[in-house]
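Engineer: Input: one structure, supplied below.
Protein chains in written order, with the working numbering: chain A, 5 to 425; chain B, 95 to 258.
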C-alpha cells in the first residue's frame with residue numbers, strides 16, 4: 005500500500021509541475037500590468053472623456069499636453085482624489101461569481117508657476133500624477149456538472165504607477181506653444197492569487213490542491229513627454245504630444261505555497277524569491293482638436309500606441325523567451341476621446357460630457373466586449389480664485405481566457421480642487 | 095532613443111531658443127520713442143476689460159470667445175496674468191480723484207502757518223443795539239374757553255396668557 009500512495013503522490017506532483025510548466029513554456033509573454041491600465045487624470049479632463057490634448061490649460065497639462073502649461077496665467081496649486089468602485093463578474097464552468105472592489109487614492113498634486121513676461125508665456129510645473137491603476141478583484145468558482153471537479157479562487161491586485169513630473173512650456177509665436185515634461189515613474193503592485201481545486205484522480209481517490217501566490221512589484225523608470233499647441237484661429241486649437249519610450253525596472257519579491265492533499269497525505273511546498281527585470285514601453289503619440297464657441301467647447305483626442313513594440317531588456321532569459329512573441333501577445337491600440345464642456349447660462353457652472361474607447365492591448369485574452377467609458381462632469385468657480393471639478397466615469401469590458409470569462413464594470417469618480425493666486 | 099539622448103536633444107533645442115530668443119520676452123523691447131514703448135500692454139488690458147471679441151491674433155482669445163462678459167471671473171481665472179493685478183485692482187476700485195497720487199509734487203511742511211495781517215485778530219466788536227419800534231394796537235380776541243381735560247380711565251393691562 006505504501007508504494008501505491010507514494011506513486012500517487014509522485015503522479016500528482018508530476019501533474020502539477022506539468023500544468024505549471026505548461027503555462028510558462030508555451031512562449032506566451034505574460035500580461036504586464038504596466039502595459040495599459042490608464043487610470044485617468046484630472047476631473048475636468050475626465051469629465052470631457054479625456055479629450056484634453058488640445059484643451060489642457062491647468063496643472064494637469066503636465067501630463068495631457070505639456071504645451072498647455074503655457075496657457076496658465078496665474079500661479080496654481082492643484083490637488084485631486086480618485087475613487088474607484090469596480091464590480092467584476094466571472095463565469096467558470098457555467099457558474100457565475102461576482103466581486104466588488106473599492107479604493108480611494110490621491111490622484112494628483114502640484115504647482116504651476118507662470119513667469120511674468122512682457123510678451124508670450126513661460127510656465128513651469130511640478131507635481132505628482134497617478135497615471136495607471138491596478139486595483140482589481142476577481143472571484144471565481146466553478147464545478148463540472150455531474151462530475152467531481154471543483155475550482156474556486158480569487159485574484160486581487162492593488163497599486164498603480166505614478167509619475168513625478170517637472171515640466172515647462174513656452175510660447176514660440178502668438179499662436180504656437182511648446183512644452184516638455186520629464187517624468188520619474190514609481191509605484192508598485194501587490195498581487196494575490198488563491199486557487200483551490202477539489203477533484204478525484206483516475207482511481208477515484210480525493211485530491212485537493214491549494215495555490216497561494218503573493219508578489220510585490222516595485223516599479224521605477226524615467227521618460228519625457230513633448231507637446232505642441234497651435235491656436236489656428238479664434239475657433240480652433242490643435243494639440244500634439246509625443247511620449248518617449250518608458251524604461252521600467254521591475255523588482256519582484258514573491259512567495260508561493262502549494263498545499264496538496266491526496267487521500268490522507270498532505271504535501272506542502274513553499275517557495276519564495278526575488279526577480280528583477282526591465283521592460284521597455286514604446287513611443288506614444290497623441291493628437292487633439294478643440295472647437296471653441298460662446299458657452300461651448302467641443303474636443304476630440306486620439307492616442308496611438310503600438311504595444312507590440314513592448315520589449316524585455318533584462319534578464320537575457322526573458323529577452324530570448326518572450327520578445328519573439330510580443331507581436332502575438334500585444335496589438336497596437338488607437339484610443340479615441342470625445343468631450344463637450346458648456347458654461348450653463350445664468351448659472352455660471354460648467355457641465356461636461358464625454359465618451360472614450362480605450363481598447364485592450366493584450367490579445368492572448370479573447371476580447372468579447374472592448375473597453376469604453378461614458379463620462380460626466382461639473383465645474384464650479386468659487387470667488388474667482390478657486391475651482392472645484394468633479395467627474396464620474398463609467399466603463400465596461402469583457403474578456404475570456406482559459407475557460408474563465410471576466411467582465412468588469414468600473415465607476416470612477418474624480419475630485420480636483422485648484423487655487424490660483 | 096533612450097532617455098539620455100532625449101535629454102540631450104532637449105538641451106540642444108533649448109540652447110538656441112534661450113540664446114537667440116523667441117517670441118516670448120520678459121522685458122519690453124528697447125525702442126526709440128516712448129509712444130511705441132507703451133503701446134502693447136495697455137492695449138491688451140483695455141481689450142481684456144472692454145471687448146467681447148478680442149483681436150484675431152489675441153493671446154487670450156479662447157477665454158474671450160468662450161466666456162461671455164457677465165462671466166468675467168472665469169476669464170479672470172483662466173486668462174488674467176497675475177502680474178497685471180495692480181492695474182486690475184486700481185481699475186475696478188478707482189479711488190476719488192483727490193486721493194489719487196500725483197507725480198512731481200511733494201508735501202509742503204507746516205502748511206498754513208502764518209502771522210495775522212493788520213486788522214486781523216482784534217477783539218470782537220459788541221453787537222449793535224436794537225432799534226425799538228412800537229407795535230400797533232390789536233384787538234384782543236377773547237381767550238378760548240379752557241378745554242376740559244379728558245380724564246382717562248385707568249385700565250388694567252390684560253393678563254398674560256389669557257384664556258389659556
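Built from N, CA and C at the ideal position, the CB exists for glycine as well.
(1) According to the neighbour-count rule (16 or more other Cβ atoms, all chains shown, within 10 Å of its Cβ), is residue 106 of chain B buried or exposed?
(2) Between which two residues does the beta strand (DSSP E) holding residue 320 of chain A run?
(3) Between which two residues does the alpha helix (DSSP H) carrying residue 1 of chain A extend?
(4) Can you confirm whether the segment 49–62 of chain A touches the segment 334–342 of chain A when touching is taken to mean that 3 or more C-beta pairs between the two stretches lie within less than 8 Å?
(5) Pairing CB atoms from the segment 207–218 of chain A with CB atoms from the segment 263–271 of chain A, are three or more of them under 8 Å?
(6) When you compare only the Cα positions, how much space is there between residue 127 of chain A and residue 382 of chain A?
(7) Taking only beta-carbon atoms, is residue 175 of chain B less than 7 Å away from chain A?
(8) Is the segment 83–98 of chain A in contact with the segment 139–157 of chain A, if contact means three or more CB pairs nearer than 8 Å?
(9) Could you tell me the boundaries of the alpha helix (DSSP H) in which residue 169 of chain B lies?
(10) Hey, how far is the Cα of residue 3 of chain A from the Cα of residue 368 of chain A?
(11) Going by DSSP, what residues sit across from residue 227 of chain A in a beta bridge?
(12) Determine the direct distance from the alpha carbon of residue 257 of chain A to that of residue 357 of chain A, and round the result to whole angstroms.
(13) Counting along the chain, where does the alpha helix (DSSP H) carrying residue 68 of chain A start and finish?
(14) Consider the Cβ of residue 174 of chain A: report whether some Cβ of chain B lies at a distance smaller than 7 Å.
(15) Which of the three DSSP states is assigned to residue 117 of chain B in this structure?
(16) Kindly identify the DSSP beta-bridge partner or partners of residue 118 of chain A.
(17) Using a beta-carbon distance below 7 Å, is residue 167 of chain B in contact with chain A?
(18) Using the Cβ count rule (16 or more neighbours within 10 Å means buried), how would you classify residue 132 of chain B?
(19) Please report the distance separating the alpha-carbon of residue 154 of chain A from that of residue 316 of chain A.
(20) Would you say residue 77 of chain A lies against chain B (beta-carbon separation less than 7 Å)?
(21) Please give the ranges of any beta strand (DSSP E) in the segment 153–217 of chain A, keeping only runs that are unbroken, at least 3 residues long and fully inside the region.
(22) If you draw a straight line from the alpha carbon of residue 421 of chain A to that of residue 387 of chain A, how long is it in whole angstroms?
(23) Rounded to whole angstroms, what is the Cα-Cα separation between residue 119 of chain A and residue 409 of chain A?
(24) Please name the residue or residues paired with residue 293 of chain A in a DSSP beta bridge.
(25) For a contact meaning CB atoms closer than 7 Å, what does residue 177 of chain A contact in chain B?
(26) In whole angstroms, what is the alpha-carbon distance linking residue 320 of chain A and residue 219 of chain A?
(27) For chain B, find out if any of its Cβ atoms is closer than 7 Å to the Cβ of residue 229 of chain A; answer yes or no.
(28) From what residue to what residue does the alpha helix (DSSP H) around residue 259 of chain A run?
(29) Give a yes or no on whether 7 Å exceeds the smallest Cβ distance from residue 122 of chain A to chain B.
(30) DSSP on residue 330 of chain A, reduced to helix/strand/coil?
(31) Who are the Cβ neighbours of residue 377 of chain A in its own chain at under 6 Å, not counting the five residues just before and after it?
(32) Tell me which residue opens and which closes the alpha helix (DSSP H) that residue 48 of chain A is part of.
(33) Looking at residue 67 of chain A and residue 133 of chain A, is the spacing between their C-beta atoms short of 7 Å?
(34) Below 9 Å on C-beta distance, what does residue 162 of chain B contact in chain A?
(35) Expressed to the nearest angstrom, what Euclidean distance is found between the alpha-carbon atoms of residue 112 of chain A and residue 131 of chain A?
(36) Quick one, which of A:326, A:403, A:84, A:425 has its alpha-carbon nearest residue 33 of chain A's?
Structural biologist: Taking the definition as stated:
(1) Start at 1 with the first residue of the second chain, and residue 106 of chain B comes out as number 12. Burial call: exposed.
(2) The count along the first chain starts at 1 and reaches residue 320 of chain A at position 316. Taken as a continuous stretch (DSSP letters only), residue 320 of chain A belongs to no beta strand (DSSP E), being part of the alpha helix (DSSP H) at 320–326.
(3) This structure gives no information on residue 1 of chain A, because the portion of chain A shown stretches from 5 to 425.
(4) yes
(5) yes
(6) Numbered from its first residue, the first chain carries residue 127 of chain A at position 123. Numbered from its first residue, the first chain carries residue 382 of chain A at position 378. Taking the straight line from one Cα to the other gives about 26 Å.
(7) Against the second chain, residue 175 of chain B aligns to sequence position 81. Yes, because at least one Cβ of chain A sits closer than 7 Å to the Cβ of residue 175 of chain B.
(8) yes
(9) Position 75 of the second chain, counting from 1, holds the residue named residue 169 of chain B. Residues 166–173.
(10) Residue 3 of chain A is absent from the model: chain A starts at 5 and stops at 425.
(11) As a working mapping, residue 227 of chain A is identified with position 223 in the first chain. A:187.
(12) Sequence index remark: in the first chain, residue 357 of chain A carries index 353 (1-based). Sequence index remark: in the first chain, residue 257 of chain A carries index 253 (1-based). The straight-line gap from Cα to Cα measures roughly 42 Å.
(13) Along the first chain, one-based indexing puts residue 68 of chain A at 64. Unbroken alpha helix (DSSP H) run through residue 68 of chain A: 65–68.
(14) Along the first chain, read from residue 1 onward, the residue named residue 174 of chain A stands at position 170. Chain B, which has a Cβ nearer than 7 Å to the Cβ of residue 174 of chain A, makes this yes.
(15) Position 23 of the second chain, counted from the first residue, corresponds to residue 117 of chain B. Correct three-state label for residue 117 of chain B: coil.
(16) Taking the first chain and counting its residues from 1, the one referred to as residue 118 of chain A is at position 114. BP columns for residue 118 of chain A point to A:127.
(17) Taking the second chain and counting its residues from 1, the one referred to as residue 167 of chain B is at position 73. Output row for residue 167 of chain B: interface = yes.
(18) Mapped onto the second chain, residue 132 of chain B falls at position 38. With a pLDDT of only 46 at residue 132 of chain B, under the threshold of 50, the placement of this residue in the model should not be trusted, and no figure is reported.
(19) On the first chain, residue 154 of chain A is found 150 positions in, with the first residue counted as 1. On the first chain, residue 316 of chain A is found 312 positions in, with the first residue counted as 1. Going by the C-alpha atoms only, they are around 37 Å apart.
(20) As a first step, residue 77 of chain A must be located in the first chain, where it is residue number 73. Cβ-Cβ to chain B under 7 Å: yes for residue 77 of chain A.
(21) 153–177, 180–204
(22) Position 417 of the first chain, counting from 1, holds the residue named residue 421 of chain A. Position 383 of the first chain, counting from 1, holds the residue named residue 387 of chain A. Residue 421 of chain A and residue 387 of chain A: Cα-Cα distance of roughly 13 Å.
(23) Position 115 of the first chain holds residue 119 of chain A. Position 405 of the first chain holds residue 409 of chain A. If I take the Cα positions, the gap works out to 54 Å.
(24) In the first chain, the residue the question calls residue 293 of chain A occupies position 289. A:242, A:304, per the DSSP bridge assignment.
(25) Here residue 177 of chain A refers to the residue found at position 173 of the first chain. Within chain B, the residues near residue 177 of chain A are 117.
(26) By 1-based counting over the first chain, the position of residue 320 of chain A is 316. By 1-based counting over the first chain, the position of residue 219 of chain A is 215. Those two C-alpha atoms are separated by around 22 Å.
(27) Reading the first chain from its first residue, position 225 is the one you call residue 229 of chain A. Chain B, which has no Cβ nearer than 7 Å to the Cβ of residue 229 of chain A, makes this no.
(28) Along the first chain, read from residue 1 onward, the residue named residue 259 of chain A stands at position 255. Where residue 259 of chain A is concerned, there is no enclosing alpha helix (DSSP H), although the beta strand (DSSP E) it sits in stretches over 250–266.
(29) Within the first chain, numbered from 1, the residue matching residue 122 of chain A stands at position 118. It does; some Cβ of chain B falls within 7 Å.
(30) Position 326 of the first chain holds residue 330 of chain A. DSSP places residue 330 of chain A in helix when its eight states are reduced to three.
(31) Locating residue 377 of chain A in the first chain gives position 373, where the first residue counts as 1. Closer than 6 Å at Cβ, skipping near neighbours: 360, 397, 399.
(32) The count along the first chain starts at 1 and reaches residue 48 of chain A at position 44. That run of the alpha helix (DSSP H) goes 47–51.
(33) Against the first chain, residue 133 of chain A aligns to sequence position 129. Against the first chain, residue 67 of chain A aligns to sequence position 63. Closer than 7 Å, so yes.
(34) Reading the second chain from its first residue, position 68 is the one you call residue 162 of chain B. Result: 298, 299, 347, 349.
(35) As a position in the first chain, residue 112 of chain A is number 108, starting the count at 1. As a position in the first chain, residue 131 of chain A is number 127, starting the count at 1. Rounded to the nearest angstrom, the two C-alpha atoms are 7 Å apart.
(36) Here residue 33 of chain A corresponds to residue number 29 of the first chain, with the count starting at 1. For the residues A:326, A:403, A:84, A:425, the minimum Cα distance to residue 33 of chain A belongs to A:326.
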